[in-house]
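Worksheet for the structure shown next.
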Amino acid sequence: MLDKYNPAEIEDKHYQNWQSAGYFQPHMDTSKPSFSIQLPPPNVTGTLHMGHAFNQTIMDSLTRYYRMKGYNAVWIPGTDHAGIATQIVVERQLAAENISRHDLGRETFLEKVWEWKNISGGTITEQMRRVGCSADWSREYFTMDNVRAETVTEVFVRLFEQGLIYRGKRLVNWDPVLGTAVSDLEVESVEEQGSMWHIRYPLADTPTESVIVATTRPETLLGDVAVAVNPEDERYTHLIGKELLLPLTGRKIPVITDEYVEKDFGTGCVKITPAHDFNDYEVGKRHNTVLVNVFDLEAKVLNQAEVFNFKGEAQACFALPETYAGLDRFAARKQMLADLEAQGLLAEVKPHTLMTPKGDRTGSVIEPMLTSQWFVAMSAAPKGGEPESEFKGMSLAQKAKHAVDSGAVKFIPENWVNTYNQWMNNLQDWCISRQLWWGHQIPAWYDNEGNVFVARNQEEAEKLAGKSGLTRDEDVLDTWFSSALVPFSTLGWPSETDELKAFLPSNVLVTGYEIIFFWVARMIMMTTHFTGKVPFKDVYIHGIVRDHEGKKMSKSEGNVIDPVDLIGGIDLEQLLVKRTTGLRRPEKSPQVIESTKKLFPEGISVFGADALRFTMASYASLGRSVNFDFKRAEGYRNFCNKLWNATNFVLMNVGAKDCGQNETDPLAYTFVDQWIIGRLQQTEAAVTEAFDTYRFDLAAQTLYEFVWNDFCDWYIELAKVQIQTGCPTTQRTTRRTLVRVLEVILRLLHPIMPFITEELWQAVASLANAKQTDSIMVAAWPVADESKIVQTAFDKMTALQDLIGAVRNLRGEMGIAPNVKAPLFVEGDVDDALLKYLPSMTRLTEANKVEKLPEGDDAPVTVCQNARLMLKVEIDKAAETARLTKEAEKLQKALDKLNVKLSKPGYTDKAPTHLVEKDRAELAELTDKMAKVQSQLEKLKD
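Numbering (our numbering), first residue to last: 11 to 952.
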């Protein structure tokens with residue numbers, strides 16, 4: 011007997027054993043096929059969330075599956091240095107001591123960051139171990155470690171030498187609080203209620219006339235270079251080419267036409283401010299305007315506007331009104347609106363709902379800012395230096411497009427190709443520099459004249475410059491730059507290592523759709539460019555895990571579920587503290603507390619890693635989002651208990667007894683044995699196909715139904731009868747079938763539920779004569795054998811199930827309580843093989859005996875498999891009549907409602923066909939039930 015199922019007792023024990031035995035490492039037998047997978051590196055600042063648990067369950071299940079199939083399998087883990095997030099964490103710690111990074115200086119500050127990383131940076135990988143991730147920790151990387159740093163530098167230098175990296179002045183997302191450029195992924199669009207201001211722009215030659223421009227950002231007016239109208243807008247045809255007086259400045263700007271302007275939006279006149287709006291930037295570029303920057307890097311109004319052309323070359327600057335100089339952009343807005351109103355130039359103010367871009371780390375409004383940054387050219391052809399491959403000579407964008415168009419990289423589901431292509435077709439050069447201290451410092455040095463020298467180190471830069479005393483660029487690289495190199499930076503590139511040969515391309519990348527462009531596309535670009543190979547063959551895109559109401563899980567909303575809490579449990583008090591800490595809107599705390607108490611009145615009980623993983627696998631369909639339901643997780647915790655108890659039954663009945671291990675002993679398989687063996691073959695084939703096609707939901711569903719329904723509810727119950735009443739040969743065969751089917755079940759379940767299957771397999775494998783290895787992790791994956799599927803056994807089992815089901819239904823119709831034994835009477839052409847299972851019917855139908863149906867008896871009868879079945883039980887006629895009468899009244903109400911609906915004029919003609927058919931089917935079902943109830947009421951009258 012096994013002790014009571016306790017996940018905590020088995021999880022840590024087995025994980026330590028697996029890791030100590032080296033099972034997570036590839037065997038590097040190159041005669042075997044390889045399977046490799048890269049972990050999307052989580053931020054070193056992060057902790058495990060439900061999205062990680064979902065993503066990692068899929069990756070680990072795949073890795074365990076291919077490892078059991080004998081592949082040279084490796085899952086490579088690592089963490090990302092998360093430039094902005096990590097710097098913010100450490101800066102906040104310093105701020106608590108009234109210290110800024112500038113007080114420390116760059117070198118000392120970076121020492122503090124490394125100290126934090128070494129102490130706190132491994133949280134998420136420790137949590138991964140709790141989930142059971144069988145990653146090869148001996149290969150764990152950090153995107154700022156020495157190996158990755160060298161690779162990043164090498165890649166940067168080569169791209170620069172090939173003409174694919176350049177420095178230029180362009181418009182970028184700018185966070186004024188952080189003081190750095192940020193990527194689109196670090197910008198949240200927040201819906202807010204604002205205003206649309208209608209401002210008069212007087213005509214230069216007729217100041218009494220004006221056009222009205224509608225804007226949500228009047229503070230950028232100082233940087234306007236034109237007013238645009240749609241070329242087909244007849245209202246403004248007479249103004250095209252004329253000049254306007256820019257309010258508050260007296261500067262003259264032209265009226266231009268551009269199809270970008272929507273005639274029906276606002277007034278049909280759009281102010282063009284190319285230095286402070288991405289759309290305006292494109293308009294300005296088409297019309298070859300200048301760019302007028304009016305803000306400094308803290309988003310304060312400059313004393314003098316900075317003017318550039320689209321090549322980034324400085325033009326003649328001009329003074330801005332002293333009234334606004336030095337003001338924050340929003341303070342300037344307030345002052346400018348007051349001045350516009352005083353001058354009679356503010357025509358109207360309307361409420362307006364708008365999407366405001368905000369920095370996800372600071373919450374500050376992002377400002378499109380014209381700054382000098384480093385860029386990777388997406389559309390330029392490289393100037394040599396590429397490996398020989400089908401991608402040679404293509405631009406980075408072409409490489410990424412060709413990899414997918416050619417089928418070398420496949421998206422699953424396939425519809426994500428459309429999203430990928432949309433991004434590829436609208437690709438802009440990639441801004442890779444960040445104004446931070448934490449990150450890969452850009453390997454570029456400057457002399458006193460501003461000449462730039464890109465090199466692998468300062469010595470090499472000085473050699474290029476022919477002089478010393480160079481100054482290194484202070485900027486660091488975008489975090490996505492180093493993570494784009496992961497497919498080959500983790501395998502020893504630029505050396506031609508055994509790992510690079512075996513594991514590139516990897517088999518599959520498992521990731522969320524939100525980073526298809528930021529990470530997936532860039533990995534394809536970099537890997538094809540530097541290795542001539544694609545980084546992965548398949549890209550499996552999974553959905554987002556949301557809360558039970560479909561809302562995105564967020565710390566700021568207080569609805570985050572920590573997967574580790576689900577595994578190990580947490581009391582209500584601790585849970586409330588976790589959910590209310592870090593709320594962006596503290597006033598929501600009472601609401602969060604109330605909802606938490608409602609959902610978890612006693613906190614979260616222990617589910618165990620296996621139940622959590624099985625839940626995640628069951629959700630892994632090809633959909634976009636997942637609403638996490640605790641009821642489902644509870645159901646799979648019960649499934650673990652069911653499996654545990656079933657194993658206990660098998661051990662009790664097989665343990666020290668003959669279970670047919672001696673192949674020379676006679677065996678006699680009944681059709682029930684043949685049926686479960688055949689169903690096992692079908693299950694093996696279905697689960698294998700599900701893993702091969704990334705349908706983890708189907709794998710989970712197939713296994714659940716086979717284990718719970720076929721094995722536990724049917725075969726074990728029938729096996730009890732065979733063991734109790736069968737001859738020694740039948741008993742031996744039944745025990746053999748029990749233990750062997752169970753052992754295969756455990757291997758099939760192992761990729762999804764590793765801990766409980768290891769624990770049970772250690773107890774079962776030897777009895778099944780299947781312990782060829784020390785761990786189920788490296789046991790062979792089951793292979794289906796169609797020759798073991800016996801159709802006649804399936805037919806007989808179906809007949810038996812039908813008979814038992816019919817009796818169970820009859821019990822329900824008669825209202826016989828589960829604990830009441832009733833004699834079962836059978837009459838008809840029942841198969842001889844089935845007659846042997848009449849004892850089974852007594853057990854599975856709670857009958858106390860089975861006899862031939864007496865003639866002329868008028869008790870309730872049902873017909874199934876050419877047999878008439880009857881249960882006889884002494885009942886309280888008055889109580890049964892009352893129950894059936896109440897049931898009849900309930901059925902009549904439902905019938906009346908449906909009849910009224912179906913007889914309503916026009917309903918059957920106008921309503922959707924499937925709804926009408928559904929209603930008619932329900933009517934037929936209710937009518938049949940009513941007839942049975944009336945028949946039983948008539949019999950009770952006798």
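Even glycine gets a Cβ: it sits at the ideal position worked out from N, Cα and C.
In this structure the segment 384-404 touches the segment 176-183; the number of beta carbon pairs closer than 8 angstroms is three or more.
Only residues of its own chain outside the window of five on either side were considered, and among them V544 have a CB closer than 7 angstroms to the CB of A418, listed in chain order. Taking the Cα positions, R757 is about 42 angstroms away from E400.
Burial state of M78 is buried, judged by a 10 Å Cβ sphere holding 16 or more other Cβ atoms. Nearest Cα to V311 within the set Y334, H412, T267: Y334. For F624, no beta strand (DSSP E) segment is defined; the enclosing uninterrupted segment is the alpha helix (DSSP H) at 619-629.
Per DSSP, reduced to three states, the secondary structure at T538 is helical. Here G568 really is in contact with V602; their C-beta atoms are around 3 angstroms apart, less than 8 angstroms. Within the segment 417-461, the complete beta strand (DSSP E) runs of at least 3 residues fall at 420-422, 454-456.
For the set L854, D243, A809, F804, the Cα lying nearest the Cα of P828 is the one of L854. Nearest to T590 by alpha-carbon distance, out of P611, E644, S566, H552, is S566. Burial is judged here by how many other beta carbons sit within 10 angstroms of a residue's own beta carbon; L925 has fewer than 16 and is exposed. DSSP places A191 in the strand class (E or B) of the three-state scheme. Here G142 really is in contact with D70; their C-beta atoms are around 6 angstroms apart, less than 8 angstroms.
Positions of the alpha helix (DSSP H) runs, each at least 4 residues long and wholly inside the segment 277-352, are given as 288-297, 339-352 in order along the chain. C737 is classed as exposed because its beta carbon has fewer than 16 other beta carbons within 10 Å across all chains shown. Annotation: the segment 469-555 contains the following complete segments of the alpha helix (DSSP H) (minimum length 4 residues), in chain order: 489-493, 496-499, 508-513, 532-541. Cβ-Cβ separation between A342 and E229: approximately 5 angstroms, consistent with a contact (criterion under 8 angstroms). Around the CB of P922, fewer than 16 other CB atoms lie within 10 Å, so the residue is classed as exposed.
The C-beta of T489 has 16 or more other C-beta atoms within 10 Å across all chains shown, which makes the residue buried. M365 is positioned such that its CB atom lies closer than 7 angstroms to that of E201. A contact between stretches requires three or more CB pairs, one per stretch, nearer than 8 angstroms, and the segment 544-556 meets this requirement with the segment 418-428. Where E202 is concerned, the enclosing beta strand (DSSP E) starts and stops at 197-212. DSSP places N156 in no beta strand (DSSP E) but in the uninterrupted alpha helix (DSSP H) bounded by 156-171.
Take the alpha-carbon of L72 and the one of D723: they are about 29 angstroms apart. For V530, same chain residues with a beta-carbon under 8 angstroms away, outside a window of 5 residues either side, are Y430, L519, T521, V549 in chain order. For I580, the beta-bridge partners assigned by DSSP are I614.
Boundaries of the beta strand (DSSP E) around V182: 175-185. Ranked by Cα distance from K23, the first of R116, R139, K127, M60 is R139. Residue range 887-913 is occupied by the alpha helix (DSSP H) that includes A888. Just measuring C-alpha positions, the residue of L834, A892, G688 sitting nearest D795 is G688. DSSP places N108 in the coil class of the three-state scheme, outside both helix and strand.
D575 counts as buried, since no fewer than 16 other beta carbons sit within 10 angstroms of its beta carbon. Just so you know, the alpha carbons of Q26 and I525 end up roughly 33 angstroms apart. Around the beta-carbon of S44, 16 or more other beta-carbon atoms lie within 10 Å, marking it buried. In the structure shown, M404 falls within a coil segment according to DSSP collapsed to helix, strand and coil.
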